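Numbering (my numbering), first residue to last: 217 to 615.
Beta carbons: idealized from backbone N, C-alpha and C, even for Gly.
What you are looking at is a predicted structure, and each value in this text was computed from that prediction instead of being measured.
Below, the structure is given as structure tokens:
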């Protein structure tokens, strides 16, 4: 399986570290996951199941960054060993995956995918005082209140939905907005963001339609929202159900302006939806992976070519890469004798850091804020590709 491949890669990197590193002073392992030669980082992610492309791309991006760091000598004389396990984007599997990582003596966790699972891991890492850095979800519950052992990097779903709703309302003049969402914590998180943004305009969604999570049973949700004749509809879900919604809607001749958030997995959505993806607006929490004028985007592309040449770059992979950058920076600041509290302190010491993603994304943390970025990018699907834009008037008229 895919995650077994990553485990073998991690073990190989660890062996290389033992062979190539200079002899280090004797080290007594008193900190879980930290030895004289390496630091173990665990991940529980969707490496199998219907959302597996989100998990595999996230872990691939992180692995590419760790591989590059290891080739450069590691962090303070230690190589980074990534051990990813599969949770299938299933909250019922979260406890088992967490227990497995604790048996592996993971120093920290990272690169988790999805709101329903993240909300299961959060109390576990807090209770066990294990850092969890970088989650592929923008659920507000991870941002407020500040959770000492949880570090997010991306902007939130509230940031994404505010960008969508404010521009629909103020620029496009679209005030009848519906929402189709899965019946889970992810759906609820994005729906809350839309409601909050509309509340700022003294309004609310004109129609809501929900569907069972991890299914393509979307017909009832489409019918319910379609009846209200919204001008724009925010679609919530991973790539498969969102693609199915736009395809079925278009077959019925229903073509409002469709929007979705970054979790969708832009590239897989476009692949699944085909021509029906055209005109869909997708907010992103990292710059497009083709903007190689940005140093970190170019570094991501070079690293992927070197370590995973058979995997296509993606928004999801770039986000995993950036998450790994943040975790690595925290480890560097934790010093030569890292501990879990020192990792958190190291990340909290990052202020207004230029991470090579442009002026819009400067990294900022503190003891009272564990949210790295606050801004988002808007893209629209044109010619089968996600095209970045700043002026929302270009999408006037939707399809």
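Starting from residue i and walking both ways along the alpha helix (DSSP H), at which residues does that stretch end?
{"i": "residue 359", "result": "It is not in any alpha helix (DSSP H) - residue 359 carries neither H nor E in the DSSP assignment."}
{"i": "residue 276", "result": "268-287"}
{"i": "residue 374", "result": "373-386"}
{"i": "residue 543", "result": "531-550"}
{"i": "residue 566", "result": "No alpha helix (DSSP H) holds residue 566; DSSP gives it neither H nor E."}
Let's see if you can read the secondary structure: which residues bound the beta strand (DSSP E) around residue i?
{"i": "residue 351", "result": "348-352"}
{"i": "residue 301", "result": "295-302"}
{"i": "residue 247", "result": "That residue, residue 247, is in no beta strand (DSSP E); it is neither H nor E in DSSP."}
{"i": "residue 327", "result": "324-329"}
{"i": "residue 424", "result": "423-427"}
{"i": "residue 499", "result": "497-500"}
With H, G and I counted as helix, E and B as strand and the rest as coil, what does DSSP make of residue i?
{"i": "residue 391", "result": "coil"}
{"i": "residue 593", "result": "strand"}
{"i": "residue 601", "result": "strand"}
{"i": "residue 506", "result": "coil"}
{"i": "residue 311", "result": "helix"}
{"i": "residue 408", "result": "helix"}
{"i": "residue 522", "result": "helix"}
{"i": "residue 474", "result": "strand"}
{"i": "residue 258", "result": "strand"}
{"i": "residue 579", "result": "strand"}
{"i": "residue 446", "result": "coil"}
{"i": "residue 611", "result": "helix"}
{"i": "residue 606", "result": "coil"}
{"i": "residue 458", "result": "helix"}
Starting from the C-beta of residue i, find all residues in its chain whose C-beta is less than 8 Å away, skip the five residues before and the five after it, and write them out in chain order.
{"i": "residue 591", "result": "371, 375, 576 and 577"}
{"i": "residue 444", "result": "392, 394, 422 and 423"}
{"i": "residue 402", "result": "330, 331, 332, 353, 355, 429, 452, 453 and 479"}
{"i": "residue 244", "result": "Annotation note: pLDDT 47 at residue 244 (below 50); position unreliable, no value reported."}
{"i": "residue 601", "result": "486"}
Let me check understanding here. Comparing Cα to Cα, which of the options lies closest to residue i?
{"i": "residue 494", "options": "462, 468, 525 and 467", "result": "462"}
{"i": "residue 528", "options": "390, 270, 322 and 368", "result": "270"}
{"i": "residue 508", "options": "603, 310, 422 and 573", "result": "573"}
{"i": "residue 310", "options": "297, 295, 548 and 259", "result": "259"}
{"i": "residue 604", "options": "363, 360, 501 and 301", "result": "501"}
{"i": "residue 383", "options": "448, 544 and 342", "result": "448"}
{"i": "residue 295", "options": "251, 599 and 455", "result": "251"}
{"i": "residue 562", "options": "303, 398, 361 and 365", "result": "365"}
{"i": "residue 623", "options": "438, 397 and 570", "result": "This structure cannot speak to residue 623, because the chain is shown only from 217 to 615."}
{"i": "residue 414", "options": "425, 469 and 380", "result": "380"}
{"i": "residue 515", "options": "320, 369, 360 and 285", "result": "285"}
{"i": "residue 468", "options": "321, 343, 388 and 439", "result": "439"}
Give me, in chain order, the residues of the same chain whose beta-carbon lies closer than 7 Å to that of residue i; leave out the 5 immediate sequence neighbours on both sides.
{"i": "residue 307", "result": "332, 333 and 336"}
{"i": "residue 568", "result": "578 and 580"}
{"i": "residue 419", "result": "391"}
{"i": "residue 583", "result": "564"}
Kindly give me the distance between the Cβ atoms of residue i and residue j, rounded to whole angstroms, as I take these residues to be in contact under 8 Å.
{"i": "residue 483", "j": "residue 537", "result": "Contact flag wrong, Cβ pair sits at about 15 Å."}
{"i": "residue 555", "j": "residue 291", "result": "14 Å between Cβ atoms; not a contact."}
{"i": "residue 505", "j": "residue 534", "result": "5 Å"}
{"i": "residue 476", "j": "residue 597", "result": "With 8 Å as the limit, residue 476 and residue 597 do not qualify as a contact, their Cβ atoms being about 10 Å apart."}
{"i": "residue 373", "j": "residue 409", "result": "5 Å"}
{"i": "residue 368", "j": "residue 587", "result": "5 Å"}
The ligand MG heavy atoms versus the CB of residue i: any closer than 6 Å?
{"i": "residue 592", "result": "Among the components of this structure there are no ligands whatsoever, and the ligand MG is therefore not found."}
For residue i, collect the residues of the same chain with a Cβ closer than 6 Å to its Cβ; drop the 5 residues on either side in sequence, then sort them by chain order.
{"i": "residue 330", "result": "305 and 353"}
{"i": "residue 466", "result": "492"}
{"i": "residue 298", "result": "226, 257, 279 and 282"}
{"i": "residue 459", "result": "485, 488 and 489"}
{"i": "residue 566", "result": "579 and 581"}
{"i": "residue 607", "result": "none"}
Let me see if you follow: with CB-CB separation under 7 Å, is residue i close to chain D or not?
{"i": "residue 394", "result": "Structure shown: chain D not included; a single protein chain is present."}
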